[in-house]
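The structure appears right after this line, and notes come after that.
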Amino acid sequence: MNTLSYHHSTSREVLLKRFRLWKRQYLHVVIYTSLFWIFVDVFFIMLFSDCTKEVIIPCSSSLSTDKYSTINDRNFQLHPKIIIDKINERNKITFDNKTMIETTKKSVVPKWQNIEPGATNPTNWHGEAGRAVVIPDELKEESKKRFGENQFNIIASDLIALNRSVKDQRSASCRSHKFPSDLPSTSIIIVFHNEGNSTLLRTLTSIILRSPIQYIHEIIMVDDASIARDYLKDPLEAFTKELPVSVHILRNTDRLGLMKSRLRGAEIATGDTLTFLDAHIECSSGWLQYLLYEVKKDRTAVVCPIIDVINDNDFSYLTGSDMTWGGFNWRLNFRWYPVPQREEIRRNNDHSLPLLSPTMAGGLFTIDRKYFYEIGAYDPGMEVWGGENLEMSFRIWQCGGKVLIHPCSHVGHVFRKQTPYTFPGGTGNVIYHNNKRLVEVWLDKYKDFIYTIIPELKRVDAGDVSERLALRERLKCKDFQWYLQNIYPESSMPVNFYHVGIIRIESMFCLTVHHVYGSQGANRTATLNTQKCIDRMHSPTTAIYQILVYSKKNELRFDDLCMEANANSAVKLQKCSGNEKQIWNYNNETKQMKHVKSEQCMATDKTKSPGHLILVSCKQENNANQRWYLEQAVLT
1 MNTLSYHHST SREVLLKRFR LWKRQYLHVV IYTSLFWIFV DVFFIMLFSD CTKEVIIPCS
61 SSLSTDKYST INDRNFQLHP KIIIDKINER NKITFDNKTM IETTKKSVVP KWQNIEPGAT
121 NPTNWHGEAG RAVVIPDELK EESKKRFGEN QFNIIASDLI ALNRSVKDQR SASCRSHKFP
181 SDLPSTSIII VFHNEGNSTL LRTLTSIILR SPIQYIHEII MVDDASIARD YLKDPLEAFT
241 KELPVSVHIL RNTDRLGLMK SRLRGAEIAT GDTLTFLDAH IECSSGWLQY LLYEVKKDRT
301 AVVCPIIDVI NDNDFSYLTG SDMTWGGFNW RLNFRWYPVP QREEIRRNND HSLPLLSPTM
361 AGGLFTIDRK YFYEIGAYDP GMEVWGGENL EMSFRIWQCG GKVLIHPCSH VGHVFRKQTP
421 YTFPGGTGNV IYHNNKRLVE VWLDKYKDFI YTIIPELKRV DAGDVSERLA LRERLKCKDF
481 QWYLQNIYPE SSMPVNFYHV GIIRIESMFC LTVHHVYGSQ GANRTATLNT QKCIDRMHSP
541 TTAIYQILVY SKKNELRFDD LCMEANANSA VKLQKCSGNE KQIWNYNNET KQMKHVKSEQ
601 CMATDKTKSP GHLILVSCKQ ENNANQRWYL EQAVLT
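Printed below as a string of structure tokens:
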């Protein structure tokens with residue numbers, strides 16, 4: 001082999017060796033690089049979905065069922081991480097850094113992450129600043145289909161961050177309030193049954209983020225036998241263990257209802273006060289201090305926040321009016337009514353001072369814990385829900401306490417048009433039972449009037465009310481007449497009256513109310529005419545629409561509606577307002593009902609539909625269609 005050939009062969013071998021070495025090194029680089037990125041991927045997967053770490057929301061469905069949902073890619077959830085403080089052996093909120101978690105299409109519940117002090121959610125997130133949620137097209141069908149689960153749009157709720165922002169509802173004068181540092185502590189009691197996951201967690205989140213933690217002694221949650229909703233079991237337990245306050249979850253094995261469940265929660269409470277909240281609320285800034293301060297000043301004060309409205313469909317947050325207070329109608333339904341002028345005068349038109357309200361809605365209020373039991377707690381003979389708010393309102397006022405609504409305290413509440421739950425025994429029977437107990441214990445002579453207006457109550461068994469009557473005697477409570485005259489003179493209940501019964505014309509036709517429009521407010525109205533008088537014994541339910549009150553204010557009333565007219569016009573029923581168009585004078589000799597403003601008389605118009613009512617010139621002769629008889633009194 002010549003020299004040239006030898007050197008050529010040697011060079012090939014060297015090159016082959018170098019190539020093999022380079023190939024081996026390249027392969028190692030590829031392997032190591034791949035392993036590195038695999039470890040990175042595993043790290044981030046564990047960071048964002050590992051259920052073994054300290055998390056506030058466990059890794060389960062963020063929606064209220066196990067169904068997977070397609071969530072808009074722009075929907076992020078941002079939550080403050082709550083970590084354990086080993087030194088103080090309690091939890092605290094820290095704000096170390098800012099992180100966002102994208103909700104995946106598998107609906108994995110995100111963990112709470114650290115955020116910077118004062119950090120806010122992006123303004124384009126669903127529902128921020130209390131704005132309405134616009135459901136993405138791909139979720140519209142599911143949102144409609146699942147509305148009945150809770151009787152609110154759970155998909156809209158699930159799209160909203162648990163810590164969504166709502167504006168500070170307080171006025172400047174409210175925000176200027178200064179509080180002592182020794183406000184009483186409170187035990188917050190929340191009862192839930194088959195509650196939506198995101199609404200319940202948002203309730204807890206808003207309590208924690210918008211309350212001075214030092215005043216929350218504990219949160220007591222009572223699960224009233226929820227079924228088929230796994231997120232209310234272990235995931236909820238994991239969530240509450242990480243909160244910066246003590247949380248107790250009681251589980252009812254049988255359905256007890258709202259009142260008995262609240263009583264069960266109150267039994268283990270040890271805070272200075274009790275604060276009862278519903279399970280689908282959002283607290284506004286500063287909501288708690290005003291309630292605690294009023295109880296500190298007067299332990300017999302039961303204090304309610306202004307209840308703001310969270311729309312059941314789009315979850316928009318609407319500020320509640322600070323110019324309404326609680327009342328009730330003839331059928332013992334709680335209603336909101338305008339605050340009267342006398343109450344404005346009492347508080348010098350200062351809307352940062354609490355209202356003295358005749359009744360409370362009952363879902364949200366704070367009460368001194370010991371006073372709660374002194375005044376009789378809840379009536380243990382009442383079932384599930386309904387009527388307890390009026391019963392407690394009457395009892396507090398008649399027995400020496402007072403009910404306040406504080407205009408500086410705001411709590412949003414999801415108002416549903418109907419309940420998604422069934423009542424043991426049926427809704428109607430439960431409410432009638434509760435109202436029967438209320439009437440028998442607290443309404444005195446007015447129970448006969450109520451039994452005329454609600455004849456169904458007569459057939460209902462109230463159960464044994466002897467202990468509640470003994471409580472009333474022991475507390476030396478005032479009668480219901482005192483309550484109506486001193487606490488609620490604006491009530492539609494007949495207190496000062498000339499007549500309560502039927503008003504008929506000579507032809508045995510009675511004034512009859514029908515087609516009542518609107519549940520409450522200034523737009524509430526009804527039609528009125530004359531129809532054949534109804535036998536109250538045989539048809540008590542329809543006969544109630546012929547029961548009218550002729551009051552000593554010279555109003556002709558049906559509940560909170562008054563007969564109103566203009567000269568030469570039809571007579572109609574409008575919301576009672578005290579204006580001169582609603583004033584009537586009855587002449588017992590001529591049997592005429594004279595409209596004071598027009599100086600005309602009420603009559604039936606024979607030229608139009610039977611029973612049509614109009615104002616005409618008052619006649620002394622041949623006036624059969626102007627003669628009215630006030631008969632069959634149901635209250636004297």
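Mapping of the sequence shown onto UniProt numbering: residues 1 to 636, in sequence order.
Just so it is clear, CB atoms sit at the ideal spot from N, CA and C, and this is done for glycine as well.
Keep in mind that this is a model prediction, so the values were computed, not measured.
Tyr498 is a Cβ neighbour of Lys552, given a cutoff of 8 Å. Secondary structure in the segment 193-261: the beta strand (DSSP E) runs of 3 residues or longer, each lying completely within the stretch, are 216-223 and 247-251 in chain order. Out of Asn554, Thr270, Lys594 and Trp330, the CA that lies nearest to the CA of Ala567 is found in Lys594.
Taking every protein chain shown into account, the CB of Val596 has fewer than 16 other CB atoms within 10 angstroms, so this residue is exposed.
In the DSSP assignment, the residues bridged to Ser187 are Glu218 and Leu274. Just so you know, the alpha carbons of Asn163 and Pro212 end up roughly 16 Å apart.
Here the segment 213-221 does not lie against the segment 171-178, with fewer than 3 beta-carbon pairs under 8 Å apart. Note that the C-beta distance between Leu292 and Thr273 is below 8 Å. Per DSSP, the unbroken beta strand (DSSP E) holding Phe497 starts and ends at Phe497 to Ile505. Under the three-state reduction of DSSP output, Tyr629 falls in the strand class. Under the three-pair Cβ rule at 8 Å, the segment 392-404 counts as touching the segment 352-372. Inclusion of Met563 and Gln592 in the CB contact set at 8 Å is not warranted, their separation being larger than that value. Annotated three-state conformation of Gly148 is helix, per DSSP. In terms of Cβ geometry, Trp125 and Ala161 form a close pair [threshold 8 Å]. Cβ neighbours of Pro338 within its own chain (closer than 7 Å, five residues either side excluded): Met323 and Thr324. Between Val430 and Glu383, the C-beta gap is smaller than 8 Å, which places the two residues in contact.
Under the 10 Å beta carbon count, His280 is surrounded by 16 or more other beta carbons and is classified as buried.
Here DSSP, grouped into helix, strand and coil, assigns Ser143 to helix. One alpha carbon belongs to Leu457, the other to Thr422, and they sit about 21 Å apart. For Pro540, the enclosing alpha helix (DSSP H) covers residues Pro540 to Ala543. Thr525 and Lys572 do touch by the CB rule: their CB atoms are close to 7 Å apart, below 8 Å.
In the pairwise beta carbon analysis, the segment 502-514 is classified as not touching the segment 478-491: fewer than three pairs are separated by under 8 Å.
In its chain, beyond the 5 residues on either side, Val133, Ile160, Arg164 and Phe315 have a beta carbon closer than 6 Å to the beta carbon of Gly127. Per DSSP, Lys594 is one residue of the beta strand (DSSP E) stretching across Gln592 to His595. Per DSSP, Thr422 is not a residue of any beta strand (DSSP E), being assigned neither H nor E. Exposure of Arg416 is indicated by the presence of fewer than 16 other C-beta atoms within 10 angstroms of its C-beta. Around the C-beta of His515, fewer than 16 other C-beta atoms lie within 10 Å, and the residue is accordingly described as exposed.
For Ile306, the three-state secondary structure derived from DSSP is strand. In the structure shown, Gln531 falls within a strand segment according to DSSP collapsed to helix, strand and coil.
Leaving aside the five residues that flank Ser491 on each side, the residues in its chain whose CB is nearer than 6 Å to its CB run, in chain order, Leu484. Each residue's CA atom was taken as its position, placing Arg335 and Asn389 some 11 Å apart. Closest by C-alpha distance to Glu589, out of His612, Gln620 and Glu599, is Gln620. Going by DSSP, Gly428 is part of no beta strand (DSSP E) but of the alpha helix (DSSP H) stretching over Thr427 to Trp442. Looking only at Asp560, Tyr290 and Asp223, the smallest Cα-Cα distance to Thr253 is reached by Asp223. Counting the other CB atoms within 10 Å of its CB gives Ile268 a total below 16, which places it among the exposed residues. The three-state secondary structure of Gly130, taken from DSSP, is helix.
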